[in-house]
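In this text, residue positions in the sequence shown follow full-length UniProt numbering: the first is 1, and each later residue adds one. Backbone N, C-alpha and C fix where the C-beta goes; we use that ideal spot for every residue, glycine too.
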Amino acid sequence: MQTEQTESEASEGVTEPILAVEEVTKTFGELLAVDNCSFEIEDGSITGLIGPNGAGKSTMFNVISGFYQPDSGTVRFNDEDITGLPPNEIAHKGLVRTFQITRDLTEMTVMENMMLTPKNQTGESMFRAVFDRGTIDRENDAIAERADELLELFQLDHLRDEFSGNLSGGQRKLLEMARMLMLEPDVMLLDEPMAGVNPTLENDIVERIEALNREEDVTFMIVEHDMGLVMDLCDRIVVMNEGTDLAAGPPSTIQNDERVLEAYLGGGS
Ligand SMILES: Nc1ncnc2c1ncn2[C@@H]1O[C@H](COP(=O)(O)OP(=O)(O)OP(=O)(O)O)[C@@H](O)[C@H]1O
C-alpha cells in the first residue's frame, strides 16, 4: 500500500511527450528556415508555438504534418518515427493540422465537406464496396452521425446543407476544425485559428478547443500571434526564433524570459 502511494505520487504531474521534434533542419535553397530545432509536446497539453515573423513556425508545422520533408532531423509521434511520411498517412495516424487559409471545398455543402474526411472507411476497398454493402451502409450511418454531432458542437448544424463557400471566414475555420475531427485525432496543429475571426466567434473557438482538450483528450499545438490569447489558453509555450527553439515552459516563465523579450524586440515584428 505504502509503495503504491509512493509510485502514484511519483508519477503525478509527469506527462509523456506525444510529439517530439528532434534536431530538425529545413532549408529553401540558401535560406535556413528551420535550424536544428528540438522540442516536445506533452500529451494532453494545449501548447502555443510562438516567435517573431519568419521564425519558422509555419515551416515547422509543415514538416511535422508531412507537407515538407526536412533536410535532417526526426519527428516522433506516439513514439513512432513519422519523418517524411505523406500528410494523409500522418493524419490517419491521428496527427492533423489546419491551415492559415481554410481548405474546405466551397462548391460542396457543409455536410458533404464533413463526409469527405472519415476514418477507416470500408467503402475505400473495391471488393468490400461490391460485396459488403451492409457494412458500408452501417459505417456511413455512423460517419454521418459523428458529422452531425461535430456540426452541433461547432454550432454549424443550421448550416448543414449550405454551400461552404457561403459561410463567413470564421465559420469556415470552425468547419475546418470540425472536418479534421472526423479523423478522431490525438493531436491537432492549428495555424493561426483566430486570424480574421470576429471576437464572438473567437470565444467560441477557444471554448471548442478547451472542451475537446478536456473531454476528448485532444492535444493541441497552436500558432497564434495574439499574445494575450496564447497566454490565457495555453498551458505550455514553445518559442522559436531564427529557425530554432529558444525557450519552452509555462506561460508565466516565458512571459518573463529575457531572451524571449529580446527576440521579439530585436525581430522587429
Ligand atoms: N516555401 C518557401 N520557400 C521559400 N522560403 C520560405 C518558404 N516558406 C517559408 N520560407 C521562409 O522561411 C522563413 C520562415 O518562414 P515561416 O513562414 O516558417 O515563419 P513563421 O514563423 O511562420 O512566420 P509568420 O509568423 O510571419 O507566419 C522565412 O524567411 C520565410 O520567408
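By the 16-neighbour rule on beta-carbons within 10 angstroms, aspartate 232 is exposed. Taking the Cβ of glycine 56 as the reference point, at least one heavy atom of ligand 1 falls within a distance shorter than 7 Å.
The beta carbons of phenylalanine 39 and alanine 248 sit closer together than 8 Å.
When secondary structure is reduced to three states using DSSP, threonine 98 falls in the coil class, being assigned neither helix nor strand. Alanine 91: member of the alpha helix (DSSP H) spanning 87-93, first to last residue. Taking 8 Å as the upper bound for CB-CB distance, valine 187 and leucine 19 are in contact here, some 6 Å apart.
By the neighbour-count criterion, in which 16 or more other beta carbons inside 10 Å mark a residue as buried, serine 45 falls on the buried side. Leucine 116 sits exposed, since fewer than 16 C-beta atoms from the chains shown fall within 10 Å of its C-beta. In the three-state reduction of the DSSP assignment, arginine 160 falls in the coil class, being assigned neither a helical nor a strand state. With contacts defined by Cβ atoms closer than 8 Å, methionine 60 and methionine 240 form a contacting pair. The C-alpha of methionine 114 is placed about 38 Å away from the C-alpha of leucine 31. Considered as a whole, the stretch 20-93 harbours 57-64 and 87-93 as its complete alpha helix (DSSP H) runs of no fewer than 4 residues, in chain order. With a cut-off of 7 Å, the C-beta of threonine 25 is classified as distant from ligand 1, since no heavy atom of the ligand falls inside that distance. Taking the Cα positions, alanine 55 is about 18 Å away from glutamine 255.
Distances taken from the Cβ of alanine 248 to the heavy atoms of ligand 1 include none shorter than 7 Å. Asparagine 53 has its Cβ nearer than 7 Å to a heavy atom of ligand 1. In the DSSP assignment, the residues bridged to phenylalanine 220 are Ile46 and Met188. Beta bridge pairing from DSSP links methionine 240 with Asp245. The shortest C-alpha to C-alpha distance from proline 52 to any of Thr253, His225 and Val230 is the one to His225. DSSP, reduced to helix, strand and coil, places threonine 200 within a helical segment of the structure shown. Secondary-structure assignment with DSSP links threonine 109 through a beta bridge to Phe163. Here isoleucine 222 is not near leucine 201, since their CB atoms are 8 Å or more apart.
Under the three-state reduction of DSSP, proline 250 is assigned to coil, being neither helix nor strand. Note on geometry: alpha-carbon atoms of glutamate 184 and glycine 94 lie some 7 Å from one another.
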